[in-house]
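Undergrad:
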Amino acid sequence: MAYKMLDGNGAAVEAIKMAKVQVVSAYPITPQSTIAEKLSELVASGELKAEYVRVESEHTALSVATAAQLAGVRAATATASQGLALMHEVVGMTSGCRVPIVMPVVNRGLAAPWTLWADHGDSMAERDMGWMQFFCQNVQEVYDLTVMAYRVAEDENVLTPAMVCLDGFFLSHSMQKIDIPEQKLVDEFIGPYVAKNSYLDTEDPMFICNLTGSDEFTEMRYQQKTAFDNSIEVIEKVQKEFEEKFGRKLDIVEGYKTEDADVVLVALGSMCGTAKYVVNKLREQGKKVGLAKVTVFRPFPFKQLEDILSEKKVIGVFDRSAGLGGQGGPLWSETCAALKKCDSDIRHFVGGLGGRDVTIVTIEKIFNELLEIKEGKRETHTEWIDVKENAMDIRQVEKNA
Amino acid sequence: MHDIKHVSKGLMPHGMSACAGCGLELLIRKVMDVLGEDTIIIIPPGCAASFSGYGKETSIKIPGYQGNLENTAASAVGVRAALNAKGNTHTTVVGFAGDGGTVDIGIQALSGAMERRDKILYICYDNEAYMNTGIQASSSTPYMASTTTTPAGKPTGRKDLMQIAIAHDIPYAATASIYNLTDLKKKVQKAKDTDGPSLLHVHTPCPTGWRYAPAKTVEIARAAVQTGCWVLYEYENGEVTINYKPKELAPLEDYIKLQGRLRG
Amino acid sequence: MQKQQETLTKKSKRCRVYGPVANVYAASNTGSWRIERPKVNFAACIKCGTCEKFCPTNVITIKKDKAECVEIDFDYCKGCGICANECPKKCISMVPERSED
């Protein structure tokens with residue numbers, strides 16, 4: 214056990230390095246670029262024995278990683294925002310061919326408008342593409358979830374790639390003191406890579422990903438769905454092993470002071486750290502509030518959410534992505550589906566978009582509104598919780614008459 | 004490993020779903036004859052994908068992967084990197100893409116691989132349009148050729164893939180044609196032995212898209228070179244060599260009159 | 093070829109593979125596509141091998157020591173006619189598939 218000062222990107226790199234990947238193909242994009250840089254430094258110094266492919270786009274980055282892992286070695290890439298969007302087509306290839314790649318995604322909003330900062334819109338746009346998605350609250354979780362992701366993804370009952378999502382700048386660039394275990398223990402935990410399903414090997418040839426007719430496509434998607442069904446159990450098993458070996462507990466959904474809470478907020482990512490602080494602060498004031506922190510978004514933990522929230526009468530769900538055109542954002546919609554048998558009042562909140570900080574003030578406001586709703590003192594809530602009043606007028610220009 | 008349900012001469016079966024008289028089918032057999040079993044092939048969607056197969060069946064006896072249309076070169080690079088990481092430098096990694104998947108949508112990945120000097124063998128079979136999707140023009144379609152997206156004839160000339168490769172200064176690039184199989188096979192071997200990226204740009208006439216009777220495929224490929232519409236040359240370590248210079252170029256009509264897409 | 097034969101005799105076990113994988117090496121019944129077929133005048137044939145080398149389906153085999161020196165696998169021949177077009181002696185003719193000969 215050793216402590217290191219690392220930022221989120223550094224923690225992701227540390228986990229990738231300790232997983233002993235043998236091919237790296239990363240393309241720079243803010244706020245992920247230091248992952249690409251640090252990995253190349255490790256390869257140049259020999260600390261990581263890997264082939265570093267200095268790719269010319271993210272589409273190529275994931276294509277190289279997928280083909281490399283099909284050829285039998287662990288491959289690493291990482292991206293954010295526009296890069297993830299550009300990779301979209303290949304994201305489907307990786308999951309459809311059951312290639313268990315682990316990829317850090319530094320969450321940054323999607324253009325337009327251009328942003329460089331934290332927003333879950335990029336990961337949400339990929340949520341149906343057949344990858345697992347884990348969201349980190351802090352830098353320790355970035356390391357821990359990346360290490361666990363290798364075990365879960367490569368499990369023969371899962372064989373599904375995983376995105377480890379960390380908020381841009383808030384986690385990627387924030388230094389925290391984290392505990393890095395010994396390489397030996399990580400080796401024991403992750404193990405060497407064994408290509409378990411389809412592979413490119415001249416000793417055992419097969420053709421991967423040729424045309425599939427409508428008589429078999431459904432079955433292949435069903436195989437993927439079955440893998441997601443299996444994955445919850447595998448994640449629980451791996452989390453338990455991780456706790457035993459490394460001493461840290463991570464839940465699929467963490468119920469923070471939810472047992473006796475009057476109202477609960479459901480959220481993803483780094484804002485959960487702030488939310489826990491607010492929960493504590495409001496509890497000192499005698500307000501019984503709680504937080505359901507969702508760590509595993511894919512597979513969607515409907516059972517875990519139901520267990521924590523079924524008796525709660527008023528629930529708030531915070532989407533850090535706009536979910537445009539929907540009745541609400543992705544986290545809210547899926548939480549409602551999970552709780553459809555319960556008669557809870559589930560309120561949708563959107564905020565923290567494009568790097569806007571989700572502050573103590575914002576979260577307090579949410580909890581207070583939820584409490585007022587529970588007490589019957591309020592009917593409506595402020596859905597876009599941090600939007601400015603002059604939203605429609607923030608640009609006023611002189612135009613030709 | 005493969006369930007072998009068919010006995011064939013060579014690494015491709017005899018019954019492949021290519022059109023009768025397909026120049027590409029002739030090409031891939033000769034390529035596989037030279038490359039042999041210690042090869043991994045990347046084939047994007049397109050005419051060659053009919054060799055990847057359908058459902059459980061495949062027409063290729065070596066390991067292969069069908070990626071996306073843009074990333075043939077990228078997937079080949081990935082396989083090469085993995086093999087290198089495992090200490091395997093003997094297996095050939097070949098990307099086999101059409102003109103559309105190379106000079107249009109595939110150019111970025113190919114350019115990246117060439118700039119990085121990744122050791123892949125890239126073969127572009129040029130049937131001068133997006134044939135598999137129904138004969139739509141690509142940037143390799145020649146001037147005035149009629150396609151389904153240039154029905155009145157393509158108003159512009161074609162992108163010069165060889166010049167692009169030369170601009171990247173790769174160790175070996177060559178044009179070839181399926182009418183001169185000796186020259187073709189020699190070039191496949193040279194490309195295979197290159198220590199670095201190599202590119203073969205092969206002219207593969209297409210009876211369906213160019214509108215001629217299938218029997219004329221080899222004759223048309225020959226006419227292309229004799230009229231100067233296709234030039235056989237190599238770029239090797241910085242030097243250009245023209246492999247065949249007809250004493251006198253045959254008149255252009257000899258090439259045009261054979262094809263419905265050019266006759267108008 | 094030998095490596096394939098060795099592979100066939102290697103130990104193997106049947107197991108599941110998920111996702112799109114093809115491992116049955118098979119051929120399509122392309123012989124059924126034909127509307128004409130090549131007919132060789134064996135007496136005029138000089139066994140140069142031009143037809144064999146240019147056949148896209150690789151179904152022609154020259155048998156130098158046989159009277160019927162050009163063997164064509166009609167299970168797969170598509171009847172494209174390249175062999176007839178390229179033959180230097182013009183001893184291959186394309187006849188309708190349903191012809192009596």
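Protein chains in written order, with our numbering: chain A, 214 to 614; chain B, 4 to 267; chain C, 93 to 193. We put the beta carbon where it would ideally sit given N, CA and C, even for glycine.
Suppose the cutoff is 8 Å on Cβ atoms and the five residues either side in sequence are ignored; what does the same chain contact list for S308(A) look like?
TA: For this step, residue 308(A) is matched to residue 95 along the first sequence. M342, G343, W344, T373, P374, Q437, listed in sequence order.
Undergrad: CB-CB under 7 Å to L184(B), same chain, minus the five flanking residues each way: which ones, in chain order?
TA: Position 181 of the second sequence holds residue 184(B). Hits under 7 Å: K33.
Undergrad: Of all the alpha helix (DSSP H) runs that stay within the bounds of the stretch 145 to 200 of chain B, which reach a length of 4 or more residues?
TA: For the stretch 145 to 200 of chain B, whole alpha helix (DSSP H) runs of length 4 or above, ordered along the chain, are 164 to 170, 184 to 196.
Undergrad: According to DSSP, simplified to helix, strand and coil, what is T149(C)?
TA: Indexing the third sequence from 1 puts residue 149(C) at position 57. Coil.
Undergrad: Which of helix, strand or coil does DSSP assign to W545(A)?
TA: Within the first sequence, the letter at position 332 stands for residue 545(A). Here W545(A) sits in helix by DSSP.
Undergrad: Could you check if F580(A) is buried or exposed, using at least 16 other CB atoms within 10 Å of its CB as the buried criterion?
TA: In the first sequence, counting from the first residue as 1, residue 580(A) sits at position 367. It counts as buried.
Undergrad: Verify whether the separation of the beta carbon atoms of G109(B) and T425(A) is less than 8 Å.
TA: By 1-based counting over the second sequence, the position of residue 109(B) is 106. By 1-based counting over the first sequence, the position of residue 425(A) is 212. For G109(B) and T425(A), no; Cβs fall outside 8 Å.
Undergrad: Leaving out the 5 sequence neighbours to the left and right, which residues in its chain are closer than 6 Å to A284(A) when beta-carbon positions are compared?
TA: For the purposes of this step, residue 284(A) is identified with residue 71 of the first sequence, where counting begins at 1. Answer for A284(A): L413, listed in chain order.
Undergrad: Just list the residues that DSSP pairs P188(C) with in beta bridges.
TA: Along the third sequence, read from residue 1 onward, the residue named residue 188(C) stands at position 96. Paired residue(s): E128(C).
Undergrad: Select from the stretch 424 to 440 of chain A all residues with a C-beta closer than 7 Å to any C-beta belonging to chain B, and list them in chain order.
TA: Result list: L424, T425, G426, E429.
Undergrad: Taking L38(B) as the reference, which of A362(A), A274(A), T415(A) has the closest Cα?
TA: Numbered from 1 along the second sequence, position 35 holds the residue referred to as residue 38(B). Residue T415(A) is the option with its Cα nearest to L38(B).
Undergrad: How is the beta strand (DSSP E) around R340(A) delimited, first residue to last?
TA: Within the first sequence, residue 340(A) is the residue found at index 127, counting from 1. From DSSP, R340(A) is part of no beta strand (DSSP E); its letter is neither H nor E.
Undergrad: Give me the residue from V451(A), V315(A), I242(A) with the minimum Cα distance to F402(A).
TA: As a working mapping, residue 402(A) is identified with position 189 in the first sequence. Nearest of V451(A), V315(A), I242(A) to F402(A), Cα basis: V451(A).
Undergrad: Quick one: any contact between the stretch 99 to 107 of chain B and the stretch 83 to 90 of chain B, if contact means 3 or more CB pairs under 8 Å?
TA: Flag = no, the stretch 99 to 107 of chain B and the stretch 83 to 90 of chain B do not touch.
Undergrad: If distances are taken between C-alpha atoms only, which option among S78(B), G101(B), E222(B) comes closest to I126(B)?
TA: Here residue 126(B) refers to the residue found at position 123 when the second sequence is read from its first residue. Minimum Cα distance to I126(B) is reached at G101(B).
Undergrad: Put G18(B) into one of helix, strand or coil per three-state DSSP.
TA: Position 15 of the second sequence, counting from 1, holds the residue named residue 18(B). Of the three classes helix, strand and coil, the one that applies to G18(B) here is coil, per DSSP.
Undergrad: Along the alpha helix (DSSP H) that carries G486(A), what are the first and last residues, could you check?
TA: Looking up residue 486(A) in the first sequence gives position 273. Where G486(A) is concerned, the enclosing alpha helix (DSSP H) stretches over 484 to 497.
Undergrad: Assuming contact is defined by CB atoms lying nearer than 8 Å, are A76(B) and L30(B) in contact in what I supplied?
TA: Numbered from 1 along the second sequence, position 73 holds the residue referred to as residue 76(B). Numbered from 1 along the second sequence, position 27 holds the residue referred to as residue 30(B). No. Outside cutoff.
Undergrad: Return the CA-CA distance between M93(C) and F134(C), expressed in angstroms with no decimal places.
TA: On the third sequence, residue 93(C) is found 1 positions in, with the first residue counted as 1. On the third sequence, residue 134(C) is found 42 positions in, with the first residue counted as 1. Because M93(C) sits at a pLDDT of 46, beneath the cut-off of 50, its placement in the model cannot be relied upon, and the following sentence gives the value as read from the coordinates. Spanning the two alpha carbons is a distance of roughly 30 Å.
Undergrad: Here's a check: name, in chain order, each residue in its chain whose Cβ is nearer than 6 Å to the Cβ of P514(A), leaving out the five neighbours to either side.
TA: Counted from its first residue, the first sequence places residue 514(A) at position 301. Closer than 6 Å at Cβ, skipping near neighbours: I465, V466.
Undergrad: Could you tell me the alpha carbon to alpha carbon distance between G173(C) and A257(A), rounded to whole angstroms?
TA: The residue labelled residue 173(C) in the question sits at position 81 within the third sequence. The residue labelled residue 257(A) in the question sits at position 44 within the first sequence. Their backbone Cα atoms lie some 58 Å apart in a straight line.
Undergrad: Of the residues Q235(A), A362(A), Y490(A), which one's Cα is nearest the Cα of S253(A)?
TA: Counting from 1 along the first sequence, the entry for residue 253(A) is found at position 40. Residue Q235(A) is the option with its Cα nearest to S253(A).
Undergrad: Buried or exposed for L252(B), please, with buried defined as at least 16 other CB atoms from any protein chain shown within 10 angstroms of its CB.
TA: Taking the second sequence and counting its residues from 1, one reaches residue 252(B) at position 249. When all chains shown are included, L252(B) counts as exposed.
Undergrad: Output, in chain order, the set of chain C residues within a Cβ distance shorter than 8 Å of G309(A).
TA: Locating residue 309(A) in the first sequence gives position 96, where the first residue counts as 1. In chain order: G111, P112.
Undergrad: Output, in chain order, the set of chain B residues within a Cβ distance shorter than 7 Å of V286(A).
TA: For the purposes of this step, residue 286(A) is taken as the residue at position 73 of the first sequence. Neighbours of V286(A) on chain B, chain order: A85, A88, K89.
Undergrad: Return no unless some Cβ of chain B is closer than 8 Å to the Cβ of M342(A).
TA: Residue 342(A) sits at position 129 when you count from the first residue of the first sequence. Answer no: the Cβ-Cβ gap between M342(A) and chain B never drops below 8 Å.
Undergrad: Could one say the Cβ of M93(C) lies closer than 8 Å to chain A's Cβ atoms, at least one of them?
TA: Indexing the third sequence from 1 puts residue 93(C) at position 1. Only weak support is given to the placement of M93(C): the predicted model assigns it a pLDDT of 46, under 50, and the value that follows is read from those uncertain coordinates. Not an interface residue.
Undergrad: Taking 8 Å as the threshold (C-beta atoms), are P174(B) and T197(B) in contact?
TA: Here residue 197(B) refers to the residue found at position 194 of the second sequence. Here residue 174(B) refers to the residue found at position 171 of the second sequence. Yes, Cβ-Cβ distance for T197(B) and P174(B) is below 8 Å.
Undergrad: What is the DSSP secondary structure of D400(A), reduced to helix, strand or coil?
TA: For the purposes of this step, residue 400(A) is taken as the residue at position 187 of the first sequence. Note: D400(A) maps to helix in three-state DSSP.
Undergrad: If I measure Cβ to Cβ from G49(B) and keep anything under 6 Å in the same chain, skipping five residues before and after, which residues do I get?
TA: Your numbering for residue 49(B) matches position 46 in the second sequence. Excluding positions up to five away in sequence, the list reads G101, G104, N135.
Undergrad: Between the beta-carbon of F54(B) and the beta-carbon of M19(B), is there less than 8 Å?
TA: The residue labelled residue 54(B) in the question sits at position 51 within the second sequence. The residue labelled residue 19(B) in the question sits at position 16 within the second sequence. Their beta carbons are under 8 Å apart, which means F54(B) touches M19(B) by this criterion.
Undergrad: Would you verify that the beta carbon of N115(C) is, or is not, closer than 8 Å to some beta carbon of chain A?
TA: Working through the third sequence from its first residue, we reach residue 115(C) at position 23. Taking Cβ atoms only, chain A reaches closer than 8 Å to N115(C), which makes this a yes.
Undergrad: Give the residues of chain B in contact with F166(C), contact being defined as C-beta atoms less than 7 Å apart.
TA: Position 74 of the third sequence holds residue 166(C). Simply none; closest approach about 11 Å.
Undergrad: So the candidates are Y356(A), G305(A), G334(A), W330(A); which of them puts its Cα closest to the Cα of P317(A)?
TA: Within the first sequence, numbered from 1, the residue matching residue 317(A) stands at position 104. It is Y356(A) whose Cα lies nearest to the Cα of P317(A).
Undergrad: I believe A440(A) touches T471(A) by the beta-carbon criterion, under 8 Å. Please report the beta-carbon distance rounded to the nearest angstrom.
TA: Translated into positions along the first sequence, residue 440(A) becomes position 227. Translated into positions along the first sequence, residue 471(A) becomes position 258. With 8 Å as the limit, A440(A) and T471(A) do not qualify as a contact, their Cβ atoms being about 29 Å apart.
Undergrad: Can you pull the chain C neighbours of M19(B), defined as C-beta to C-beta under 9 Å?
TA: As a first step, residue 19(B) is located in the second sequence; it is residue number 16 there, counting from the start. Near M19(B) (Cβ distances below 9 Å), the residues of chain C are A119, S120, T122, P148, T149, Y168.
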